[in-house]
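Presented below is the structure to which this report refers.
Residue numbers (UniProt numbering): 1 to 531.
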């Protein structure tokens with residue numbers, strides 16, 4: 001009897017190890033790409049010191065990140081509070097809209113913002129008849145505008161999750177005690193804001209530190225150059241590997257410190273979930289309702305106006321016809337996006353299966369190591385791979401495989417965040433039963449694992465595909481002449497001032513990104529799930 005128990009225990013241990021092996025391999029790949037890239041940078045860095053231009057790029061990077069995070073956090077508080085306090089037709093759609101900028105290609109959003117705020121945009125067309133000077137958003141103003149467009153919805157959703165975690169009974173008790181709105185905010189809501197806002201602020205700061213496409217399109221010359229843009233210029237225009245390595249190491253060091261702080265302050269929550277906020281409408285007066293209505297209308301206008309103009313201008317751009325490079329760029333982007341999505345989700349699943357089988361503390365450690373990719377941006381890893389490949393072969397020959405791999409790595413933290421909670425829940429509920437029935441391998445995957453992760457896996461696939469479809473980062477480092485993704489094709493049209501064609505490409509790029517996300521996310525929701 002005892003021998004049988006020992007045999008079952010050994011068999012379970014072997015099964016657990018075999019299930020964990022792919023996850024261990026993925027973690028090894030993450031560590032290899034992260035620290036291998038840093039090691040490659042160290043091999044060519046000759047301690048030549050940072051130039052005045054380098055220090056200017058570092059200062060501007062920190063400044064624009066600080067301002068972007070501050071503005072996004074400051075505006076998100078009243079916006080999230082207005083969404084929590086108001087119930088109106090289309091509220092769920094408005095909250096869903098907050099996720100749209102996250103999967104919208106950066107270069108498309110930039111074109112939409114230029115259509116509103118650029119020198120030939122709607123706002124300037126209204127200012128000129130009034131005798132007011134035209135706005136010039138190139139440089140710091142445009143970068144801040146674009147970063148707030150992307151990150152205000154992100155911080156708002158994080159705050160909505162914080163409000164959703166407050167028990168509704170606290171608001172009812174406050175109403176019963178006759179607390180004023182100010183006292184209720186100070187006693188009930190302020191502790192949540194103190195817990196959530198610092199992590200959200202640092203997350204936005206980190207995202208703005210690693211922003212490349214926005215600065216590439218809206219930067220205003222040497223005074224508006226970030227570290228990643230300086231790396232790009234050092235590699236593509238000057239071929240100064242030493243300078244690129246120095247800047248990449250600085251970027252990694254700063255982002256690493258910010259990522260550690262962000263992970264320690266941000267409560268890990270699954271992405272893609274619904275948000276059910278408590279009802280705190282009690283005690284609001286007509287003035288508060290009016291102010292909340294203004295805030296919500298301004299938010300909808302700020303987020304929707306660029307999308308509407310992209311669609312309008314894009315239709316006219318497509319009717320004028322596209323160049324011969326358009327179709328190959330679409331095909332290339334689709335191939336890279338689909339490959340990247342499946343690679344990212346497969347790696348995330350392997351890691352998630354391993355994490356779900358670990359204790360809570362060990363699982364958080366492994367998950368945190370997977371989030372190292374927040375510190376080592378794809379641009380830093382791309383620079384390291386460029387330096388590694390250069391002595392042996394032309395890095396430009398591997399443009400598409402490297403772009404796909406690094407795009408998969410960039411989406412890995414988000415896919416991991418979606419899959420881990422579902423797998424942990426399935427393991428807790430059905431793991432002992434599956435073990436008692438000796439379900440292993442394909443049978444366990446088909447009957448237990450897949451029904452539990454179908455929906456988050458579809459979300460992860462859609463998110464990874466959309467992010468890769470719209471990426472304009474790594475491809476700019478490696479793309480040789482004649483090889484273009486759709487974002488790169490669109491950026492080159494904008495650089496040649498062929499804005500009508502760029503608008504047509506933008507409409508197609510936006511439609512394909514949203515379509516990829518919808519198809520995979522919808523596919524994950526079809527069919528039965530474990531309950």
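Note that CB positions come from ideal geometry on N, CA and C, so glycine has one too.
Minimum C-alpha distance to residue i - residue among the options
i: residue 544; options: 241, 300, 307; result: Limits of the chain in this structure are 1 at one end and 531 at the other, which puts residue 544 out of reach.
i: residue 455; options: 323, 420, 428; result: 420
i: residue 101; options: 314, 88, 64, 145; result: 145
i: residue 83; options: 164, 430, 128, 49; result: 164
i: residue 311; options: 39, 49, 506, 515; result: 506
i: residue 377; options: 326, 471, 26, 120; result: 471
i: residue 89; options: 296, 222, 233, 510; result: 296
i: residue 326; options: 450, 103, 488; result: 488
i: residue 236; options: 39, 449, 517, 379; result: 379
i: residue 348; options: 423, 154, 250, 194; result: 423
i: residue 449; options: 330, 464, 462, 433; result: 433
i: residue 309; options: 214, 66, 510; result: 510
i: residue 383; options: 335, 517, 232; result: 232
i: residue 292; options: 517, 519, 76; result: 76
i: residue 195; options: 158, 136, 239; result: 158
i: residue 502; options: 391, 315, 375, 399; result: 315
i: residue 341; options: 410, 320, 109, 355; result: 410
i: residue 577; options: 413, 318, 193, 118; result: Nothing can be reported for residue 577, as the shown portion of the chain is limited to 1 through 531.
i: residue 199; options: 260, 54, 353; result: 260
i: residue 355; options: 427, 399, 330; result: 427
i: residue 251; options: 492, 313, 229, 446; result: 229
i: residue 44; options: 400, 389, 485; result: 389
i: residue 508; options: 329, 392, 430, 338; result: 329
i: residue 222; options: 54, 32, 401; result: 54
i: residue 516; options: 486, 320, 459, 485; result: 459
CB of residue i within 7 Å of CB of residue j, strictly
i: residue 306; j: residue 116; result: yes
i: residue 258; j: residue 205; result: yes
i: residue 98; j: residue 156; result: yes
i: residue 322; j: residue 504; result: yes
i: residue 532; j: residue 333; result: With the chain covering 1 to 531 only, the question about residue 532 has no answer from this structure.
i: residue 107; j: residue 213; result: yes
i: residue 396; j: residue 451; result: no
i: residue 415; j: residue 464; result: yes
i: residue 299; j: residue 79; result: yes
i: residue 26; j: residue 385; result: no
i: residue 521; j: residue 482; result: no
i: residue 72; j: residue 148; result: yes
i: residue 513; j: residue 466; result: yes
i: residue 403; j: residue 336; result: yes
i: residue 405; j: residue 344; result: no
i: residue 208; j: residue 65; result: yes
i: residue 203; j: residue 262; result: yes
i: residue 524; j: residue 457; result: yes
i: residue 256; j: residue 69; result: no
First through last residue of the alpha helix (DSSP H) which encompasses residue i
i: residue 322; result: It is not in any alpha helix (DSSP H) - residue 322 carries neither H nor E in the DSSP assignment.
i: residue 495; result: 486-495
i: residue 124; result: 122-127
i: residue 238; result: From DSSP, residue 238 is part of no alpha helix (DSSP H); its letter is neither H nor E.
i: residue 148; result: 140-164
i: residue 102; result: 100-103
i: residue 81; result: 52-85
i: residue 173; result: 168-176
i: residue 451; result: 450-469
i: residue 206; result: 190-209
i: residue 96; result: 91-97
i: residue 181; result: 181-184
i: residue 187; result: Counting along the chain, residue 187 falls outside any alpha helix (DSSP H), and DSSP gives it neither H nor E.
i: residue 379; result: 378-389
i: residue 217; result: 213-218
i: residue 483; result: Looking at the DSSP string, residue 483 is not in any alpha helix (DSSP H), and its letter there is neither H nor E.
i: residue 137; result: Here residue 137 belongs to no alpha helix (DSSP H), and DSSP marks it neither H nor E.
i: residue 112; result: 106-117
heavy atom of the ligand FAD below 6 Å from residue i C-beta
i: residue 78; result: Annotation note on the ligand FAD: not contained in the displayed structure, which lists no ligands.
Counting pairs of beta carbons, one from the stretch 134-152 and one from the stretch 234-247, are three or more of them closer than 8 Å?
-> The stretch 134-152 vs the stretch 234-247: no contact.
If you pair each beta-carbon of the stretch 83-94 with each one of the stretch 493-507, do three or more pairs fall below 8 Å?
-> The stretch 493-507 and the stretch 83-94 do not touch, with fewer than three beta-carbon pairs separated by less than 8 Å.
Could you tell me whether the stretch 109-128 touches the stretch 59-69, using the rule of 3 or more Cβ pairs below 8 Å?
-> The stretch 109-128 is not in contact with the stretch 59-69.
Three-pair Cβ contact test at 8 Å for the stretch 462-478 versus the stretch 286-296 = No: the two stretches stay apart, fewer than three of their Cβ pairs being nearer than 8 Å.
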